[in-house]
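Report on the structure given below.
In UniProt numbering, the protein residues as written are 1 to 63.
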């Protein structure tokens with residue numbers, strides 16, 4: 001018996017959960033793979049990506 005999982009992601013612009021296989025668009029930004037529910041969310045992201053993606057945090061030396 002095979003178990004199938006559906007990969008999902010959260011659209012960084014509107015917060016909609018997107019099925020990756022059916023995403024309207026995708027982007028790779030600052031080491032993150034992002035998916036969009038609609039073309040207008042992709043365009044909104046492209047206009048100001050830093051607004052929607054937090055800067056990667058520096059690794060901590062403390063345990």
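Virtual Cβ for every residue (Gly too), placed ideally from N, Cα, C.
{"Item": "Taking all protein chains shown into account, do 16 or more other C-beta atoms lie within 10 angstroms of the C-beta of residue 23, making it buried, or fewer, making it exposed?", "Value": "buried"}
{"Item": "Quick one: what does DSSP say residue 65 is sitting in, helix, strand or coil?", "Value": "Lying outside 1 to 63, the shown extent of the chain, residue 65 is not represented and no answer is given."}
{"Item": "For residue 11, count neighbouring Cβ atoms within 10 angstroms of its own Cβ and tell me buried if that reaches 16, exposed if not.", "Value": "buried"}
{"Item": "Going straight from the alpha carbon of residue 37 to that of residue 16, what length do you get?", "Value": "7 angstroms"}
{"Item": "Among 50, 5, 7, which has the Cα closest to the Cα of residue 29?", "Value": "50"}
{"Item": "With distance defined between alpha-carbon atoms, name the residue in 20, 26, 6 nearest to residue 40.", "Value": "26"}
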